[in-house]
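Below you'll find the structure, written out as structure tokens, and then a few comments.
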Amino acid sequence: MRKRYDIKISGDGDLAGFLTKLVAMRVKVLALSVVDGVARFRTDRQGIKVIRSNRRRYRLKVKISIVGDESGAKGILSSNLFLIACIIPFVASLFLWTVNVESDRPEVVERIDQKLERISIVPLKPLASIPDEGEIRRELMLDDPSLSWVRFRRVGTSLTVIPMLSPLTNNEVVEEGTPSDLIARTGGIITGFALKKGERVGRVHQTVKKGDVLATGTLVQGDKTAVVGADGAVYADYWVEYSFNLPKTIGYSLQGEETVEFSFNLPWQSQKQKWSPKSFVQTERHVQETAGQFELVEGMEETVIIPLLKNKLLSESLSKAIIRDEKVLHVSFDNDKVSGTVLFLINDNIAVKRPIPKENETNG
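In the working numbering, the protein residues as written are 766 to 1129.
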């Protein structure tokens, strides 16, 4: 039978440091609760001595009242359990627990999930080893022109990836099922074929002009002719002259310092029947964005202007277009705007369908 004491600690001092000191000195702490900066718990005679000898150092007020004799059964919370309850949520908050991809297209979700797994952005990864958002965005958008941008939403130990898709341009001008040949919608040098049906007319490294037949849907074998139609893609390199007109002063937004707020839930305060390491702590992360402006000046052609134009051009083109090279023809800086012309070497599918004349289909 040991006597217990009710302890009430208040004041403007270092309450957290005082409680940590008690745990470090192995003081018995039972039924701890902290409400509005006031801590209440029970301890024994040895704990009273430690509390009285250290309270002034932490600038705290202590009120002690005798509870009476209690059985020798251990309380719900001993000093060791209290230490574990503090360590578990802290350790849990250092890891990434969930990674989600928000998109209404399952193929995009699967593609992003595979890339995230390849660069090790997976659950239970330490938060300190996760690259910054800019590096993750570059990895996700690499070789995937269908993405115009990638946004991130990070709350606590959860990361949500939100891919933003580029608008698609449909170059097919005939309805599906109409037997057609594939012709070039622009001139270029053929780099490859990806035909689903039909027969090649051109060859790799051949230069073609707009309107040239790239693949025929009419197959001839001996004296027999069959009209099956051509379908698929024919990729070619071609130059595009791109004129631009930009304001000289451009606005931008930057993500500021990330702040993390922790809130701890003691086991007996949780309303959940099942507990897990994540249930001990709740974290909220807030990132403040700051806006600013910068001025385009001579010398930024390669570092700023060209990347801006590339992103804009790819967002206006097909999802599989690739920019291989660029040449600046001219750039002029006026008082309030920057204008010029740039040549881009693009590799893209140049094949479009052209219906096969009815007489050819009849003769087949």
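The beta-carbon is built from N, C-alpha and C at its ideal position, and this holds for glycine as well.
Here the structure is a predicted model, which is why all the values come from computation and not from measurement.
Residue burial annotation: Arg950 is buried, with at least 16 other C-beta atoms found within 10 angstroms of its C-beta.
In this structure, Tyr1003 sits away from Ile1071, with a CB-CB distance that is not shorter than 8 Å. Less than 8 Å divides the Cβ of Lys962 from the Cβ of Ala995. Around Met906, the same chain offers Leu912 and Val915 as residues with beta carbons nearer than 7 Å, after the five sequence neighbours per side are excluded.
Nearest to Asp897 by C-alpha distance, out of Val873, Glu872 and Ile884, is Ile884.
Beta-bridge partners of Ser775 (DSSP): Lys826. Apart from the 5 residues on each side of it in sequence, Pro891 sits with its Cβ closer than 8 Å to the Cβ of Leu859, Phe860 and Leu861 in its chain, given in chain order.
Ser945 is positioned such that its CB atom lies no closer than 8 Å to that of Pro1122. Straight-line spacing of the CA atoms in Pro888 and Lys1077 works out to 34 Å. Beta-bridge partners assigned by DSSP to Glu1026: Glu1049. Rounded to the nearest whole angstrom, the CA to CA distance from Arg876 to Val864 is 14 Å. Taking a contact to require three or more Cβ pairs closer than 8 Å, the region 965-985 and the region 921-929 do not qualify as touching. For Asn1100, there is no enclosing alpha helix (DSSP H), as DSSP gives it neither H nor E. In the three-state scheme derived from DSSP, where H, G and I count as helix and E and B as strand, Ser858 is classed as coil. With a threshold of 16 other beta carbon atoms within 10 Å, Pro854 meets it and is buried. Take Ile774, set aside five residues on each side of it, and the residues of its chain with a beta-carbon closer than 6 Å to its own are Ala804, Leu825 and Val827, in chain order. The three-state reading of DSSP puts Leu889 in coil, since its state is none of H, G, I, E or B. Distances from the CA of Ala893 to each of Glu882, Ala857, Pro910 and Pro1012 were compared; the closest alpha carbon is that of Ala857. Between the C-alpha atoms of Glu964 and Asp988 there is a straight-line separation of about 17 Å. Between Val1103 and Glu1006, the alpha-carbon positions lie close to 17 Å from each other. Membership of Asp946 in the beta strand (DSSP E) is indicated by the continuous run Ser945 to Ala949. Non-local beta-carbon contacts of His1051 in its own chain, meaning distances under 6 Å to residues more than five positions away in sequence, involve Thr1024 in chain order. Leu881 and Met929 have their C-alpha atoms spaced approximately 16 Å apart. When only Cα atoms are considered, Ala781 and Asp878 end up about 41 Å apart.
Distances from the alpha-carbon of Thr1106 to those of Ala789, Val1093 and Ile948 put Val1093 closest.
In the structure shown, Ile884 falls within a coil segment according to DSSP collapsed to helix, strand and coil. For Lys814, the uninterrupted alpha helix (DSSP H) segment begins and ends at Arg810 to Asn819. Judged by their CB atoms, Val993 and Leu979 are not nearer to each other than the 8 Å cut-off. Counting only the Cα atoms, Phe1059 lies some 39 Å from Pro871.
Annotation for Leu784: the continuous alpha helix (DSSP H) segment containing it runs Leu780 to Ala789.
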